[in-house]
Every structure is written in structure tokens, then in C-alpha cells.
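Visitor: Structure below; questions to follow.
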Amino acid sequence: MLSDLKAIIFDLDGTLYVSNELGREINRLAIAYIAELKGTGTAQAAALIKEMKAEISAVSGLDTTLSVACLELGGDLRELHRRFAEQIKPKAFLKRDERVVDLLKILSSRYELYLYTNNNLALSTRIMEILGVSKLFRQVFTIEDSWLPKPDRTAFIKILHEIGSEPEQCMFVGDRYDVDLRLPATEGCAVFLSSSTDELLGLLKIMNEENI
Ligand SMILES: [Mg+2]
0 MLSDLKAIIF DLDGTLYVSN ELGREINRLA IAYIAELKGT GTAQAAALIK EMKAEISAVS
60 GLDTTLSVAC LELGGDLREL HRRFAEQIKP KAFLKRDERV VDLLKILSSR YELYLYTNNN
120 LALSTRIMEI LGVSKLFRQV FTIEDSWLPK PDRTAFIKIL HEIGSEPEQC MFVGDRYDVD
180 LRLPATEGCA VFLSSSTDEL LGLLKIMNEE NI
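When the sequence shown is numbered by the working numbering, its final residue is 211 and no position is left out of the sequence of numbers.
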């Protein structure tokens, strides 16, 4: 099944690194934004986001992203990301793991590597620099490319077109099945779910076992 593989498309946050602290910081800023927008306290804004996520998930049956919840609450994604880009200092939360760098180096010698994230370019760039993986991707697709957060079929089709690959030539790697992988899997791509660095390192084992 993986014999046609040409391109691997990685998610960034929660996939190439795992940091609960950075996740909390992103949530904190989103809550502060919604609180400002709605004229509420932060506890109430946090509850609004939580309720909205639950409401959307109840209808879709899928995991709901923070971006979609903020949009549904009347937020503007550009403003939310302007705040993330300006205020989040990832250096305080992340450190490089050479095993991840080595994994991507090995994979980049065999496949085209791409990054596809709901994060913005400024913050993603800083994160990739800290992780030491900036130069290993042929192209980076961020929220600014379409302002359509994952999962989105229009954005997905556009990316495959830009990288010049058919679905069966692609593998998507991510930490949230509903957000990163369900759509690519439906469209015929290979997918790999990883929620820890150890699981991510297992990707190479699979590739070696498939002897591709
Ligand atoms: Mg992720």
C-alpha cells in the first residue's frame, strides 16, 4: 500500500512536539480574546468555548478545533492569530529533540516532506526553528494560505494540487484523527496517528518494515 508513497505531510503542534504548556498558552490567549469580544470574565469565556466545542461536536460527531469554536463565537481568525503570533514565545515551552530531527532527515532523503498546520506562519516558523526542522520541509502550509482550518476539503485539494501528488502517493501524519487524518484517509491517503514523540519515531519502523 505504501509502495507509491512520494510525499509525507506533517501536522506541527502535538505531532512534531508535544507540549501541554504551549497548548495551555494558546488556550489562554483564545479565552482572553473571547472574553474581550463578549465583555465577560475569563472563566465565562472559557465556558463559552467549551460549550461551543461540545455543541458543534454533538452535531458533527467529530472533534472540534479551537479555531472553529472561536469563529462560531463571533471571533475573527485573523485577529486570533495576530495575537498568537505576537504574544506566544514558544522558546519558554519547547526544546529540541534530536531524535525528531534525525527522523525527518532520514525521511527527507526518501520522500518529499511538507508541513500543514492550523497555526500561523510567524509562530510556526519560530517553533520549527527551535525544533531544528525548518529546512527539512519543501513547503509549509499555514492558516494564512486559505483561512480555512483543518479539516477542510477545499484546502486539502489545493495542497495536493500544489505539491503535485495524487492522494495514494501521500501520507498524512497528525495527532488528532478527526482534524488531521479523517479527511485524507477518506480521500485515499495513507495516515499515521501520533500523539507522542515515541509514537512519531515509530513511523520510521513502519517505513523500514514495508521496505520502502
Ligand atoms: Mg496537532
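Built from N, CA and C at the ideal position, the CB exists for glycine as well.
(1) Whole angstroms is fine: what's the gap from residue 196's alpha carbon to residue 126's?
(2) Check for me: the beta strand (DSSP E) holding residue 213 runs from which residue to which?
(3) Consider the C-beta atom of residue 10 and the heavy atoms of ligand 1; say whether any pair is separated by less than 8 Å.
(4) Exposed or buried, residue 193, counting other C-beta atoms within 10 Å across all chains shown (16 or more means buried)?
(5) Can you tell me the Cα-Cα spacing of residue 11 and residue 115, whole angstroms?
(6) Are at least three pairs of beta-carbons, each pair with one atom in the segment 66 to 85 and one in the segment 99 to 114, less than 8 Å apart?
(7) Do you know how far the Cα of residue 31 is from the Cα of residue 175?
(8) When you compare the segment 138 to 147 with the segment 36 to 46, are there three or more beta-carbon pairs, one atom per stretch, that lie closer than 8 Å?
(9) Within 10 Å of its beta-carbon, does residue 173 have 16 or more other beta-carbons around it, so buried, or fewer, so exposed?
(10) Can you list, in chain order, the residues of its chain with a C-beta nearer than 7 Å to that of residue 187? Leave out the 5 residues immediately preceding and following it.
(11) Residue 17: buried (16+ other C-beta within 10 angstroms of its C-beta) or exposed?
(12) Which residues in the same chain have their Cβ closer than 6 Å to the Cβ of residue 139, if we skip the five residues on either side of it in sequence?
(13) Residue range of the alpha helix (DSSP H) that residue 216 falls in?
(14) Tell me whether residue 216 is buried or exposed, calling it buried when 16 or more other Cβ atoms sit within 10 Å of its Cβ.
(15) According to DSSP, what are the bridge partners of residue 12?
(16) Just tell me which of 28, 69, 52 and 71 has its CA closest to the CA of residue 62.
(17) Starting from the N-terminal side, write out each stretch of the beta strand (DSSP E) that is 3 residues or longer and does not extend beyond the segment 94 to 121.
(18) If distances are taken between C-alpha atoms only, which option among 21, 2 and 203 comes closest to residue 89?
Guide: Inspection of the coordinates gives the following:
(1) Looking at the two C-alpha atoms, the distance is approximately 16 Å.
(2) No statement about residue 213 is possible, as the shown extent of the chain runs from 0 to 211 and does not include it.
(3) Because some heavy atom of ligand 1 lies under 8 Å away, the Cβ of residue 10 counts as near it: yes.
(4) Buried, since its Cβ has 16 or more Cβ neighbours within 10 Å.
(5) Their Cα atoms are separated by approximately 7 Å.
(6) Taking 8 Å as the limit for Cβ pairs, the verdict is that the segment 99 to 114 does not touch the segment 66 to 85.
(7) In a straight line, the C-alpha of residue 175 is about 24 Å away from that of residue 31.
(8) With fewer than three CB-CB distances shorter than 8 Å, the segment 138 to 147 does not count as touching the segment 36 to 46.
(9) Burial check for residue 173: the Cβ neighbour count within 10 Å reaches 16 or more, so the residue is buried.
(10) Cβ contact annotation for residue 187 (same chain, cutoff 7 Å, sequence separation greater than five): 166 and 167, in chain order.
(11) Counting other Cβ atoms within 10 Å of its Cβ, residue 17 reaches 16 or more and is therefore classed as buried.
(12) Here the set comprises 114.
(13) The shown model of the chain, from 0 to 211, leaves out residue 216, and the question about it has no answer.
(14) The first residue shown for the chain is 0 and the last is 211, placing residue 216 beyond what the model contains.
(15) Answer by DSSP bridge pairing, in chain order: 16.
(16) Nearest of 28, 69, 52 and 71 to residue 62, Cα basis: 52.
(17) Unbroken beta strand (DSSP E) stretches of 3 residues or longer found wholly inside the segment 94 to 121: 111 to 115, given in chain order.
(18) Looking only at 21, 2 and 203, the smallest Cα-Cα distance to residue 89 is reached by 21.
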